[in-house]
Each structure stands twice: as C-alpha cells, then as structure tokens.
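**Student:**
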Amino acid sequence: MKKIAWVTDSTAFLDEELKKDPDLYVLPMTIYMDEKEYQDGIDLTPEQFYAMLETTSTIPKTSQPSVGVFQNLYEQLSQSYDAIISIHISEKLSGTVSSSRQAAQLTSIPVYTIDSEILTYPLTRLIKYGKDLLANGHELEEAVAKINDMKKYGDTYVIVGSLEQLHRSGRLKGLSFYLGSILDVKPIIQIKDGALQIKEKVRGAKKAKQALTHYLKAAYEQNPIEEAYIFYGLDDSEASLWIKTLSELFPKTTFSAYPLGAVIGVHAGKDTLGISWFAQYEY
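Quick note: the sequence shown uses our numbering, first residue 338, plus one each step.
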C-alpha cells in the first residue's frame with residue numbers, strides 16, 4: 338500500500354482529529370497589515386486579527402505560499418511518502434493551487450493537486466472524504482477522481498458581514514458600498530464553480546438568513562442533505578442560534594459550526610455568516 342501525504346493551506350479548518358493526523362501538512366497563508374507580515378494561524382489568530390482591524394489605517398492584504406515553499410515541503414515529503422495529494426482553496430480566489438502545480442513539476446514525487454473550488458470547512462470535508470476513501474481500500478487515482486467529483490455537488494452561500502471590509506479589500510464598488518450601508522442591504526454571495534457571485538441582495542440580516550434557509554430547503558427537497566456546515570467570522574453565538582432553528586426545520590440533517598479564519602475575514606468581516614453542504618457523495 339502506498340504511503341500518502343496530504344497537504345492543504347490555512348484556509349482549511351482543522352478539527353482535533355486532523356490536527357493530530359501525522360500525514361497532514363498545512364502551509365500558512367500570509368497576511369500583511371500595518372506594514373507587518375503574519376503567518377495565518379501561526380503568529381496571528383482570528384481574534385488578534387479582528388482586534389487589529391478595528392484600529393488599522395491600512396487595507397490588509399493576503400498572499401499564498403510561494404512555489405519555493407511548496408517545493409521545499411514536497412522534497413521533504415518525498416523522503417517518507419510515495420505520493421502527495423495537495424488540496425487547496427479555490428483557484429479563482431487564490432494563487433495557491435497554481436503554486437502547488439508549479440512546485441510539483443520541480444519535484445520527483447508524484448503530486449496530485451486538487452482545486453477544491455471552495456474554502457474553510459467544505460475544503461476540510463473533501464480532505465476527510467479522500468482519507469476515508471483511501472482507508473476503505475480505494476486506489477490513489479480513484480480517490481482523487483472521487484474528490485473531484487464530490488466537489489461538484491457542493492453548495493455554499495455567505496452573508497457578507499461587513500460591506501465596509503468588502504469595499505476596502507477591493508471586492509465592492511464605492512456606490513454599492515454607499516447604498517448598501519444606507520439601506521442595510523445584505524448581499525448573499527454564492528460560491529459557484531470556485532468563483533464568488535452575488536446570488537441576491539436582501540434588506541437586513543433576518544431576511545438574509547431566511548433566504549439561505551430557503552436555498553437549503555430547495556436542495557433538501559431534491560436530495561435529502563445529511564450534513565450542513567455553518568461558518569462564521571468571529572463570534573459563534575449567532576451561528577449556534579441558527580443551528581438550533583435549522584435543526585428543528587431539518588431534523589434529519591446534522592449541523593455543525595466552524596470559524597472562517599483570518600484570511601477570509603480580511604475580505605468578509607467578523608460578522609459574516611454562511612452555510613454549505615454537499616448534495617451527495619459515495620464511498
């Protein structure tokens with residue numbers, strides 16, 4: 338049996354199981370703020386980031402691990418593993434996938450780079466799915482193919498927590514920011530084929546959550562959803578309350594909440610709330 342290493346980036350959420358996994362390696366994103374450079378999850382926590390965001394006069398920026406960083410890791414792993422599955426944040430949101438692919442051409446170990454077309458916990462779920470496939474006897478190439486197939490069944494919707502932060506990061510035009518701030522407009526962002534697009538705009542947080550609940554209901558009627566993932570910016574209290582409501586509406590669905598992390602917070606803000614699920618997947 339081949340020994341497989343898994344590589345991801347710091348936009349993925351690591352639970353206790355994955356933190357202890359000896360075959361999983363995480364490369365941190367970089368956050369630039371106040372003329373300083375921080376390694377996401379290493380020397381800057383989401384709590385520290387959001388606290389600094391309240392006082393900073395500069396626009397925070399992020400960047401992916403370099404080709405060289407990937408190459409060094411892959412060469413190290415080649416000493417102990419037969420192949421690498423490297424799965425990362427959507428290529429349309431970051432250059433991380435590109436860095437991995439370029440590094441793979443510079444190393445001798447086989448590297449299967451996967452564009453997850455997603456971020457945060459749904460990305461993590463793809464990693465867990467792939468590890469389960471290998472543990473259940475699937476061949477490496479078959480597992481990679483199934484991961485790529487599973488991501489096609491994912492749906493993700495986000496209520497942007499801060500129009501100001503979205504505006505400052507360059508993701509929203511000035512007029513849209515002004516009108517949205519005055520009218521309490523909540524843009525609902527859908528991640529589709531790895532890219533961000535506006536699904537609709539509603540007035541107020543309550544109606545925005547109702548819209549997301551409606552999307553889940555429509556998907557559930559097509560194919561019952563076993564798991565759904567709620568994610569949040571900083572405070573999980575709103576996510577916990579929403580899970581309680583959703584659990585009553587969808588008693589056969591398991592809901593769980595996960596933080597978005599500092600890198601996503603650079604663009605979306607601390608009050609961001611979202612939901613994601615996979616319509617189906619097979620082992």
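Beta carbons are placed, not taken as given, at the ideal position from N, Cα and C, and that holds for glycine. Since the structure is predicted, the reported quantities are computational estimates derived from the model, not experimental observations.
Once you ignore the five residues that flank T444 on each side, which residues in its own chain have a CB closer than 7 Å to its CB?
**Tutor:** Within the same chain, T444 has close Cβ partners Q408, Y411, E412 and S415.
**Student:** Near E454, what residues of its chain come up, given a Cβ to Cβ distance below 8 Å and the 5 sequence neighbours on each side ignored?
**Tutor:** So the list reads S427, E428, K429, K488, G491, I528, D530 and G531, once near-sequence residues are dropped.
**Student:** Kindly indicate which three-state DSSP category K356 falls into: helix, strand or coil?
**Tutor:** It is helical.
**Student:** Have a look at E575 and I567 and give me their C-alpha separation to the nearest angstrom.
**Tutor:** Cα-Cα distance, rounded: 10 Å.
**Student:** Between which residues of its own chain and N560 is the CB-CB distance below 8 Å, once the five residues before and five after are set aside?
**Tutor:** Same-chain partners within the cutoff: A616 and Q617.
**Student:** Looking at I464: is its Cβ nearer than 8 Å to the Cβ of I446?
**Tutor:** Not closer than 8 Å, so no.
**Student:** Hey, how far is the Cα of L456 from the Cα of M338?
**Tutor:** Using only the alpha carbons, I get a separation of about 30 Å.
**Student:** Judging by CA-CA distance, which residue of I341, A349, Y466 and T348 is the nearest neighbour of P359?
**Tutor:** Nearest C-alpha to P359: I341.
**Student:** When the distance is taken between beta carbons, is W579 closer than 8 Å to K468?
**Tutor:** Contact flag unset, no.
**Student:** Let me confirm a value: P397 is counted as buried when at least 16 other C-beta atoms fall within 10 Å, else exposed. Which label applies?
**Tutor:** Burial call: buried.
**Student:** From the DSSP output, in three-state form, read off F592 for me.
**Tutor:** Three-state result, F592: strand.
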